[in-house]
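According to the numbering used here, the sequence shown is numbered sequentially starting from 1169. Idealized CB from N, CA, C, for every residue including glycine.
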Amino acid sequence: MSNDAISRRPAEPRVTRSQWRLAVLSGMASYLDSGIIVSSGLSLGLWQSRFHLSSWGLGALSAALTFSIAVGSLVGGRLADRFGRKRVYGIDILVYAVGAALLVFAPNSAFLFAGMIIGGLAAGADLPTSLAMVSEHSPRSVRGRLIGATQTMWVVGITAAIVIGFGTSTLGYLSAQLLFAHLAVVALVSWVLRNRMRLSPVLEEAERGGGGEGIDARALRRLVARPVLVPLLATGGFYLAWNLAANTMGQYGTYFLTTVSGASQTLATGMSLAGLPIGLVCSLAFVRLADTPWRDRLFYVCAVLQVLAFAVAAATGGAVIAAMVFFLLLYNVVNQFAGEANYKIWSQEAFPEELRATTQGLTYGLSRALCGLAGLATPTLMAASGSAVLWITTACVAVSGLIGVWVVRTIAPQGNGATAGATSAVRAKEAI
């Protein structure tokens, strides 16, 4: 290749400071979502002692959060498309702060339930709204990086909650209060910064006009049009299958290691903590590659390796510590390239702009609800057969990989810059 040809090669599009700012502020939806999930898990024992809750009461608290996030996603995405993304974007995070504050100052268990429900509804509503904001206000050539950055904030939220919980573990009930005080403060700061953010004059005018002009009851009928319905079923099916496995390991991974694998609580916690920096580094690597053909190439490879990781654990029934260490290390690497980050990008590339928050809220909310139902039965199944749980999760990631390959090849391919992944959204928009 000649020097002239090299010099004429287009430079990689740069992400501006304002675009990174939007991505980080939108990524706080993921930070606060993972933060409230992990913080509530860390606080269950403290709440049980403080408010004399039964095991059923603790299960009901966890279920209240899970299903509130699901309902919030279903409703929030639709509200954002109907009344304007920035309007909803600037309100729901304040509601989240109210829910977190209730959990800090709860005088009894009724306030705990209120805080979990309010915080869950707001967290669920914020995710599809925030991702639609990033997609709407960023050029396609850098959109993958910006949406990928919001997923990195999910890992950061988990890390922050665990670090705070570990650092305050000797403080008793105050530890739980500090966990949720941290979330309330972060939510309030994010709310202030979001409402100070300025869009371009054209986009500001569109938001003042309602943001949902032309989005009425007919928009719901558009969801069953084939160019919208097929990507909806594909992205929703991928996320449900992948999330059934991911949610099982996220919610019950430590419990599995101590009850089935025979690990001590210290070893089980250490194994889980060791995966966090690995996941964070790989998430940052995904951001770097999200707008290049390497996003799809790595998906193919990592989808296979993800099945391998679960299969190794399943083949040993989870009883061999060395196999579980291998599983956790490999899983924390590959799921960043064949998991939720891909789903988030596909959900923005596959649908017309005016339906993006609605469609993502629908798939995200239904997945969370079904995972919540599955989670109710998981401890019982785990007690009967840890091997069965691992083989079921192996099947789930295998199904997600097959669906993902189809999505990559037909709906949201990452090819050459600004035109990549646009075909499906264009067809859908023309059809509706």
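Tell me, to the nearest whole angstrom, how far the beta carbon of Met1492 is from that of Ser1429; I am working on the premise that it is less than 8 Å.
A Cβ-Cβ distance of about 5 Å is found for the pair Met1492 and Ser1429, placing them in contact under the 8 Å criterion.
Between Leu1210, Leu1280 and Ile1261, which has its C-alpha nearest Leu1270's C-alpha?
Leu1280
Measuring straight from C-alpha to C-alpha, what distance separates Lys1512 and Val1449?
19 Å
How many angstroms separate the CA atom of Leu1534 from the CA atom of Leu1242?
Rounded to whole angstroms, Leu1534 and Leu1242 show a C-alpha spacing of 8 Å.
For Arg1362, which of Ser1186, Arg1524 and Tyr1499 has the nearest alpha-carbon?
Ser1186
Since Ala1409 contacts Val1567 with CB under 8 Å, what's their CB separation in whole angstroms?
4 Å between Cβ atoms; contact.
Return the first residue and the last residue of the alpha helix (DSSP H) that Arg1366 is part of.
Neither: Arg1366 is in no alpha helix (DSSP H) and is coded neither H nor E.
Taking the alpha-carbon positions, what's the Ser1170 to Ile1579 distance?
Model confidence at Ser1170 stands at a pLDDT of 47, short of 50, so the residue's coordinates are unreliable; what they give is reported in the following sentence. Their Cα atoms are separated by approximately 36 Å.
Report back the beta-carbon spacing between Tyr1532 and Pro1296 to the nearest angstrom; my notes put them in contact at under 8 Å.
6 Å
Taking Phe1505 and Leu1466 to be in contact with their CB atoms under 8 Å, please state how far apart those CB atoms are, rounded to whole angstroms.
4 Å
Pick from Thr1484, Phe1251, Gly1292 and Phe1519 that is closest to Val1398, judged by C-alpha positions:
Phe1519
Arg1218: which of Ile1315, Ala1274 and Met1284 sits nearest, CA to CA?
Ala1274
With burial defined as no fewer than 16 other Cβ atoms inside 10 Å of the residue's Cβ, what is the status of Val1501: buried or exposed?
buried
May I ask which residues mark the beginning and end of the alpha helix (DSSP H) holding Ala1580?
Ala1580 -> no alpha helix (DSSP H), and no H or E assigned at all.
Own chain, CB closer than 7 Å to Ile1326, minus 5 neighbours either side, in chain order:
Ser1202, Val1206 and Leu1444
Does DSSP put Gly1507 in a helix, a strand or coil?
coil
Quick one, are the C-beta atoms of Leu1400 and Cys1564 less than 8 Å apart?
Cβ distance not < 8 Å, so Leu1400 and Cys1564 don't count as in contact.
Could you tell me the alpha carbon to alpha carbon distance between Ala1525 and Gly1213, rounded to whole angstroms?
36 Å
Span of the alpha helix (DSSP H), counted from its first residue to its last, around Ile1237:
Ser1223 to Phe1251
Could you name each continuous alpha helix (DSSP H) segment of 4 residues or more that falls completely within the stretch 1280 to 1360, going from the start of the chain to the end?
Every alpha helix (DSSP H) stretch that sits fully inside the stretch 1280 to 1360 and reaches 4 residues is listed by chain position as 1308 to 1335.
How big is the Cα-Cα spacing for Leu1523 and Gly1283?
30 Å
DSSP on Asp1459, reduced to helix/strand/coil?
coil
Please confirm whether Leu1286 and Val1263 have their CB atoms less than 8 Å apart.
Looking at the sequence provided, one finds Ile at residue 1286 rather than Leu. Yes; because the gap between Cβ atoms is below 8 Å, this pair is in contact.
Would you kindly work out how many angstroms separate the C-alpha atoms of Val1354 and Leu1435, rounded to a whole number?
31 Å
Suppose contacts are defined by Cβ-Cβ distances below 8 Å. Is Ser1222 in contact with Met1321 by that definition?
no
Assuming Thr1546 contacts Tyr1407 under a Cβ cut-off of 8 Å, what Cβ separation, rounded to an integer in Å, is found between them?
Their Cβ separation, rounded to whole angstroms, is 18 Å, which puts Thr1546 and Tyr1407 out of contact at 8 Å.
Tell me whether Val1396 is buried or exposed, calling it buried when 16 or more other Cβ atoms sit within 10 Å of its Cβ.
buried
Just to confirm my understanding: we take Cys1470, look at its own chain, exclude 5 residues before and 5 after, and list those with CB closer than 6 Å. What are they?
For Cys1470, where only same-chain residues beyond five positions count, the Cβ hits under 6 Å are Val1502, Phe1505 and Ala1506.
Could you check whether Gly1288 and Gly1240 sit closer than 8 Å to each other, using their CB atoms as the reference points?
yes
According to the neighbour-count rule (16 or more other Cβ atoms, all chains shown, within 10 Å of its Cβ), is Tyr1341 buried or exposed?
exposed
Quick one: what's got a C-beta closer than 7 Å to Arg1313's C-beta in the same chain, skipping five residues either side?
Val1183, Val1455, Ala1458 and Asp1459
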